[in-house]
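Note sheet for the following structure.
Have a look at this one:
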């Protein structure tokens with residue numbers, strides 16, 4: 007009665023991910039004394055910020071009843087082209103401090119604009135072509151990766167800039183810049199989801215498209231925009247990924263990102279069927295994935311097994327959701 | 102224990118987040134009887150049968166089936182002992198055919214392969230027993246609503262059901278189909294099947310049930326033999342007082358015309374050359390048999406269905422409406438007959454449902470002003486007497502009638518000039534019906550013009566200024582004044598009168 011009824015009373019959609027977070031946090035702190043050190047925690051946050059940023063956009067896609075499998079390949083393609091444009095912009099602007107800043111700004115804009123463009127390709131095929139999102143993004147996953155390989159001749163895109171890594175490696179008030187961006191974007195996306203018309207509409211569309219349509223919502227546009235949004239997050243993520251290493255590999259840059267981004271959303275309590283979800287949950291979900299990886303590393307468990315653990319966590323998260331709704 | 106009692110409940114109670122919706126229900130249902138349950142919206146009828154079928158677990162109380170205490174954790178547990186519910190919204194898979202649906206989850210096998218022959222044979226047998234003429238291999242989406250219902254019943258029988266629960270089975274049926282259903286129920290009864298029958302149609306309850314239980318606000322008010330209770334008495338028990346006049350006094354509309362529809366046809370052919378006009382402050386009824394094309398006409402007007410030709414003129418100006426968003430912009434709101442399917446979002450709370458089509462009026466710059474939303478919703482809750490645990494209740498926890506009131510508030514909040522209401526009172530009880538009639542009457546007095554599509558003759562006659570009768574996608578006649586009577590409407594609806 008006592009424990010069972012207590013468990014039944016907990017709203018898993020709201021607090022499930024938070025509880026998992028606390029549990030894993032406590033276990034990790036006991037597992038390794040190193041875990042709680044500030045540098046380690048900052049490292050975890052930096053690690054998760056790349057896929058975490060994409061997961062923020064993915065939250066909208068999944069709430070709207072869709073999925074985007076192409077984000078990993080898109081990261082490589084967007085990252086690659088943005089490095090090429092950085093190099094060309096540097097030639098165009100010439101040498102000098104401000105000239106290089108200008109070039110970097112160009113690269114960032116190109117990256118985000120390309121992300122939005124590739125996202126909108128997905129969105130058009132899904133809404134105008136009436137093709138299931140799974141199929142469309144499976145197709146573009148192959149297309150974007152192949153284009154990245156072709157343009158990069160299956161090698162590594164390397165930037166000629168010395169300043170570009172400052173963006174990905176830099177700190178602001180002692181916290182890595184990508185982490186700042188992740189949290190600021192999370193806050194913005196939270197506002198969009200909960201306090202704007204778009205947020206309300208994407209939930210309505212994911213909950214029941216027919217009701218949404220009869221309520222005068224432009225369902226196709228709302229769904230289309232969710233793919234543009236995830237594209238933009240891919241663009242932002244690609245900037246930080248490429249600038250950290252000052253390069254990106256066309257073969258494995260961003261590979262597996264779709265898995266991590268979707269996993270963060272699902273672990274965060276957003277149902278695969280859409281209709282509701284929280285940005286807060288997604289952030290927690292992303293951090294949980296990072297903590298698990300970190301713990302496995304510290305315990306000296308083979309990195310090859312990390313995928314197994316990740317998979318179990320994803321399936322477990324969905325299992326708990328199932329249990330709750332029954 | 103009495104062998105004759107198939108189902109007994111003792112002190113059944115149910116609470117949802119602290120709100121008691123059902124209290125101390127004690128019934129003894131005799132084997133082979135048809136047991137009616139009536140009550141207003143939110144009286145607890147659905148909750149009670151959901152407990153009996155294992156969808157909900159009771160907060161308190163015990164259930165005995167065939168003398169043994171039973172506890173149902175899932176609907177499957179209830180099915181195993183032979184309690185089966187025929188829901189209002191059918192649980193059939195449209196893409197499968199009749200026998201596949203009947204044996205879904207219960208397939209007959211020959212080693213590892215499906216024994217299709219045996220399943221088809223058994224299905225034919227069941228359908229013959231029911232004296233219905235449906236091919237065992239017909240696809241579900243090709244069947245009429247009445248036929249689907251028969252398939253549900255056949256499915257229940259295939260499960261060897263001992264207690265069959267029918268929730269509002271007649272709302273979507275024509276009179277002839279209802280007669281067939283009742284015949285089948287009597288036949289099942291003679292074979293010893295016990296039935297629980299939930300309905301708002303009191304005359305039907307009196308006709309088919311042996312005994313009837315009245316619920317009000319979660320309490321059991323009385324259980325009577327139907328021979329000893331008349332409809333008036335039932336109503337008195339349901340609402341706890343005499344029901345005054347159910348329809349408001351009709352108000353004459355103004356002379357100016359707000360909506361003209363000329364020769365409207367849809368691409369899919371469900372609407373054919375329909376012309377009519379709607380005056381300001383008028384209630385124009387649309388009568389006809391199920392499938393006459395009334396809903397399809399409404400959907401063509403609001404742009405869900407593609408227009409082939411014809412004009413839609415609003416206050417003298419012609420518009421080409423391509424989707425519901427444009428219809429709303431031009432002041433036409435449509436309230437669907439299919440509440441759960443296209444009316445409301447069950448996982449949204451009351452305010453977000455109401456403001457969904459009118460959200461742009463609740464913005465402060467780009468952010469939603471939730472306080473304003475909640476204030477507005479609170480006003481509607483008061484105005485329509487919506488019963489809910491709280492403002493933040495999700496719609497799935499509201500009863501059908503209260504959901505309907507929320508849909509009404511939702512459409513109304515768009516500030517429509519023309520309000521198309523499709524089956525405004527389907528599946529809701531007398532008292533809520535009356536509230537909705539008076540409410541529609543209030544609306545037209547504020548200058549809103551209403552089109553009411555209804556299959557309930559009484560409603561059409563009692564409420565409307567004029568009545569358009571449809572048959573096979575065409576209007577066969579527009580009746581006024583003393584011509585609005587049951588006979589005239591039926592003549593036009595069946596094609597005995599008017600040009601079809």
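Chains as they are written, first to last, in the numbering used here: chain H, 7 to 332; chain L, 102 to 601.
Ideal placement from N, C-alpha and C gives every residue a C-beta, glycine not left out.
Helix, strand or coil at residue i according to DSSP, with G and I counted as helix
i, result
"residue 490 (chain L)", "coil"
"residue 189 (chain L)", "coil"
"residue 134 (chain H)", "coil"
"residue 454 (chain L)", "helix"
"residue 169 (chain H)", "coil"
"residue 475 (chain L)", "helix"
"residue 157 (chain L)", "coil"
"residue 102 (chain L)", "Residue placement at residue 102 (chain L) is poorly supported in this model, since its pLDDT is 46, which falls under 50; the coordinates still yield a value, given next. Coil."
"residue 225 (chain L)", "helix"
"residue 327 (chain L)", "helix"
Buried or exposed (CB count within 10 angstroms, at least 16 for buried), residue i
i, result
"residue 410 (chain L)", "exposed"
"residue 308 (chain H)", "exposed"
"residue 160 (chain H)", "exposed"
"residue 163 (chain H)", "buried"
"residue 206 (chain H)", "buried"
"residue 325 (chain H)", "exposed"
"residue 7 (chain H)", "Because residue 7 (chain H) carries a pLDDT of 46, less than 50, the predicted location of this residue cannot be relied on, and no value is offered for it."
"residue 280 (chain L)", "exposed"
"residue 488 (chain L)", "buried"
"residue 114 (chain H)", "buried"
"residue 328 (chain L)", "exposed"
"residue 538 (chain L)", "buried"
"residue 267 (chain L)", "buried"
"residue 227 (chain H)", "exposed"
"residue 156 (chain H)", "exposed"
"residue 314 (chain L)", "buried"
"residue 305 (chain H)", "exposed"
Beta-carbon proximity of residue i to residue j, cut-off 7 Å
i, j, result
"residue 128 (chain L)", "residue 319 (chain L)", "no"
"residue 208 (chain L)", "residue 215 (chain L)", "yes"
"residue 403 (chain L)", "residue 532 (chain L)", "no"
"residue 570 (chain L)", "residue 434 (chain L)", "no"
"residue 250 (chain H)", "residue 174 (chain H)", "yes"
"residue 124 (chain H)", "residue 73 (chain H)", "no"
"residue 265 (chain L)", "residue 296 (chain L)", "yes"
"residue 50 (chain H)", "residue 300 (chain H)", "yes"
"residue 128 (chain H)", "residue 233 (chain H)", "yes"
"residue 271 (chain H)", "residue 192 (chain H)", "no"
"residue 85 (chain H)", "residue 254 (chain H)", "yes"
"residue 450 (chain L)", "residue 506 (chain L)", "no"
"residue 213 (chain H)", "residue 448 (chain L)", "yes"
"residue 105 (chain H)", "residue 99 (chain H)", "yes"
Euclidean distance between Cα positions of residue i and residue j
i, j, result
"residue 337 (chain L)", "residue 218 (chain L)", "53 Å"
"residue 278 (chain L)", "residue 480 (chain L)", "41 Å"
"residue 283 (chain L)", "residue 136 (chain L)", "14 Å"
"residue 236 (chain L)", "residue 200 (chain L)", "9 Å"
"residue 130 (chain L)", "residue 526 (chain L)", "30 Å"
"residue 22 (chain H)", "residue 281 (chain H)", "18 Å"
"residue 485 (chain L)", "residue 555 (chain L)", "21 Å"
"residue 126 (chain L)", "residue 321 (chain L)", "6 Å"
"residue 358 (chain L)", "residue 381 (chain L)", "6 Å"
"residue 514 (chain L)", "residue 180 (chain H)", "51 Å"
"residue 88 (chain H)", "residue 240 (chain L)", "54 Å"
"residue 283 (chain H)", "residue 58 (chain H)", "15 Å"
"residue 495 (chain L)", "residue 327 (chain H)", "18 Å"
"residue 426 (chain L)", "residue 400 (chain L)", "13 Å"
"residue 465 (chain L)", "residue 476 (chain L)", "15 Å"
"residue 148 (chain L)", "residue 445 (chain L)", "20 Å"
"residue 238 (chain H)", "residue 116 (chain H)", "11 Å"
"residue 331 (chain L)", "residue 535 (chain L)", "20 Å"
"residue 322 (chain H)", "residue 316 (chain H)", "10 Å"
"residue 278 (chain H)", "residue 151 (chain L)", "27 Å"
For residue j and residue i, believed in contact at Cβ under 8 Å, the rounded distance
i, j, result
"residue 197 (chain H)", "residue 210 (chain H)", "Contact flag wrong, Cβ pair sits at about 18 Å."
"residue 251 (chain L)", "residue 274 (chain L)", "Not really, about 11 Å apart at Cβ, beyond 8 Å."
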